[in-house]
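Participant: When we follow the numbering used here, the leftmost residue of the sequence shown carries the number 1, and every step to the right adds one. Note that beta-carbon positions come from the ideal geometry of N, C-alpha and C, so glycine has one too. Note that the coordinates shown come from a computational prediction; the quantities given were computed from them, not determined experimentally.
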Amino acid sequence: MAGNGAPIGVFDSGLGGLTTVRELRRLLPGEDIVYFGDTGRVPYGTRGVETIVEYAKQDIAFLLSQNVKYVIAACGTVSSTLPESITDRLPVPYLGVVPSAARAAAAATRTGRIGVIGTPATIHSRSYEKALRALAPQAQITATPCPLFVPLVENGYFGRDNQVTRLVAQDYLKEVKAAGVDTLILGCTHYPLIAPILGDLMGPDVTLIDPGREAARTARTWLEEQGLLRDGQSGEAHYFVSDSTDSFRQLAGWFLGEYAGGEVRRIRVDDCRLELEEEARA
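(1) Just the C-alpha distance for residue 190 and residue 120, rounded to the nearest angstrom, thanks.
(2) Going straight from the alpha carbon of residue 45 to that of residue 122, what length do you get?
(3) Between the stretch 204 to 211 and the stretch 92 to 104, are three or more C-beta pairs nearer than 8 angstroms?
(4) Can you have a look at residue 58 and say buried or exposed, based on whether 16 or more other CB atoms are within 10 angstroms of its CB?
(5) Answer yes if the stretch 143 to 150 comes into contact with the stretch 163 to 173, meaning at least three C-beta pairs across the two stretches below 8 angstroms, and no otherwise.
(6) Tell me which same chain residues have a C-beta within less than 6 angstroms of the C-beta of residue 164, skipping the five on either side of it?
(7) Which full runs of the beta strand (DSSP E) of 3+ residues lie inside the stretch 172 to 196, going along the chain?
(8) Rounding to the nearest angstrom, what Cα-Cα distance links residue 192 and residue 238 in this structure?
(9) Can you have a look at residue 26 and say buried or exposed, based on whether 16 or more other CB atoms are within 10 angstroms of its CB?
(10) Quick one: what does DSSP say residue 151 is sitting in, helix, strand or coil?
(11) May I ask you to list the residues that DSSP assigns as paired with residue 73?
(12) Just to confirm the assignment, what range does the beta strand (DSSP E) spanning residue 35 have?
(13) Would you check if there are 3 or more beta carbon pairs closer than 8 angstroms linking the stretch 20 to 34 to the stretch 57 to 73?
(14) Buried or exposed for residue 298, please, with buried defined as at least 16 other CB atoms from any protein chain shown within 10 angstroms of its CB.
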C-alpha cells in the first residue's frame, strides 16, 4: 500500500467530480489529489452497464499508474454499477459516493421519506434504494432519473437564475415533491452545482445531501484511522482530462470555487488496463 505521502485519486465521467475535489481540499488541505475527468466520453449515465464498467476500469487503471493511496469514484453512475468483484480486488482502498450519501440521508431524515435524483443508470441500478433499505428499512424512497442535468451542468447552465435548468428541474422534481420527501440525495456529483435551483424548488424544509461532501468526510475518517492522513496545508491538485483542456479551464473555476487553479493535462485513457490482485498472482 502506498504511504501517507501518496495522493488521493478521484475520477468522474466529466467535471462534476470536481465538487468532490473541492470538499477534499477543504477537509484535507495537506493531501495531494490526482483528478481524472473523462470529458471525452461524458456522460456515463445514459450508457449500458458493460460500457460503464469498462470505462471505470480504465479510469481506475490510470489513477493507479499515478501511485495513489486511495481511489474515490466521484460518479454516482460508477458507484452504482461497478461490482464488488472488481473493487474488492483493487490494490488500494476504493470508495464510491453511494454508501456515504445514503448514511447521511438516513441520519438526516425526520419522516423517513427520502428522495433520490440521479442519472438513469444510477436510478435503474437501485443502488441508493438498496443502501438506504439496509440503514432504514422502513424508509419511503422515491427515485427519479434526471438525464439532462449532467449535460446542462457540463455546458454551464447552472446559475441560480438559469431558466432552462429551472424549467427542467421543475419537471424532474414533480414526483419527489408529491411524495413529500424531507431529504433529497443529489445522486450525482454534478448536481451540487444546481443545488440553489433544487433548494428553491424543494423548499427550506428539505435537506439536500451532497455526495461529494459526504465522500470527502468518509475518506478523511478512514485515512485518519489508518494513519495515512497527510497533515499540513500544502496539498496540491493535479488534473487530467480525456478531451480538450480548454473546456476544463472554462468550467473548473465554477466547480472548484476558491480552490481553482493548477495544471491540467490531456491523456489517452483508452490504453489503460486494470490489473486486479488475483490476476497479478495468477
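Facilitator: Taking the structure as given:
(1) Position 190 of the sequence shown, counted from the start, is the residue given in the question as residue 190. Position 120 of the sequence shown, counted from the start, is the residue given in the question as residue 120. For residue 190 and residue 120, the gap between their C-alpha atoms comes out near 14 angstroms.
(2) The residue labelled residue 45 in the question sits at position 45 within the sequence shown. The residue labelled residue 122 in the question sits at position 122 within the sequence shown. In this model, residue 45 and residue 122 are separated by some 7 angstroms (Cα to Cα).
(3) Contact between the stretch 204 to 211 and the stretch 92 to 104 is present, because at least three Cβ pairs lie under 8 angstroms.
(4) What you label residue 58 is simply residue 58 of the sequence shown in a count that begins at 1. Buried, because 16 or more other Cβ atoms sit within 10 Å of the Cβ of residue 58.
(5) A contact exists between the stretch 163 to 173 and the stretch 143 to 150.
(6) Looking up residue 164 in the sequence shown gives position 164. Here the set comprises 157.
(7) If we require 3 residues or more, the beta strand (DSSP E) runs fully inside the stretch 172 to 196 come out as 183 to 186.
(8) Position 192 of the sequence shown, counted from the first residue, corresponds to residue 192. Position 238 of the sequence shown, counted from the first residue, corresponds to residue 238. Taking the straight line from one Cα to the other gives about 22 angstroms.
(9) Numbered from 1 along the sequence shown, position 26 holds the residue referred to as residue 26. Residue 26 comes out exposed.
(10) In the sequence shown, counting from the first residue as 1, residue 151 sits at position 151. Helix, per DSSP.
(11) Within the sequence shown, residue 73 is the residue found at index 73, counting from 1. DSSP, once it has assigned bridges, lists 11, 96 as partnering residue 73.
(12) By 1-based counting over the sequence shown, the position of residue 35 is 35. Looking at the DSSP string, the run of the beta strand (DSSP E) that includes residue 35 is 33 to 37.
(13) Per the Cβ contact rule, the stretch 20 to 34 is in contact with the stretch 57 to 73 (3 or more Cβ pairs under 8 angstroms).
(14) In the structure as shown, the chain starts at 1 and stops at 282, and residue 298 therefore has no counterpart that could be examined.
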